[in-house]
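Count along the sequence shown starting at 1, add 12, and that's the number in my numbering.
Beta carbons: idealized from backbone N, C-alpha and C, even for Gly.
First the structure, in the form of structure tokens, and then the observations on it.
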Amino acid sequence: MQNKNFRKQLLLLPNNSYYVMYKNKKYLLTKQTLLEGKLIKVYAKCLSMCDIVSGNYYPNIKEGLLKPCEMSDEKVIHFIINLEVLS
């Protein structure tokens, strides 16, 4: 994976569950870093419609390997880069 903005944004997101905005929709996002940082799991569910974003990211494989769950790489990348964490 060559998208450095995605990698940077994903690593900056805190581990836990919290609300984010994406395309004017509110999502509940959960990020977990597992296996001493070798695996990052992301799952987000839209609260107002039937939409999810889900994937596993392996930062130590090549330049980072994204394995989305039944969706395109582009959907996960666009979501992570463009979300806004709500405080």
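request  = Measure the CB-CB distance between L78 and D85 and report whether it falls below 9 angstroms.
outcome  = yes
query = Between which two residues does the beta strand (DSSP E) harbouring I93 extend?
reply = Segment 85-94 is the alpha helix (DSSP H) holding I93; no beta strand (DSSP E) there.
query = So A56 packs on L46, CB below 8 angstroms; how close in whole Å?
reply = Not really, about 17 angstroms apart at Cβ, beyond 8 angstroms.
ask   = Since N72 is in the alpha helix (DSSP H), which residue starts that stretch and which ends it?
value = N72 -> no alpha helix (DSSP H), and no H or E assigned at all.
inquiry  = Once DSSP output is grouped into helix, strand and coil, what is the label at N15?
reply    = coil
key: 6 angstroms Cβ shell around N17 - same chain, five flanking residues per side excluded   = I93
ask   = Do you know how far the Cα of Y31 is from the Cα of G49?
value = 23 angstroms
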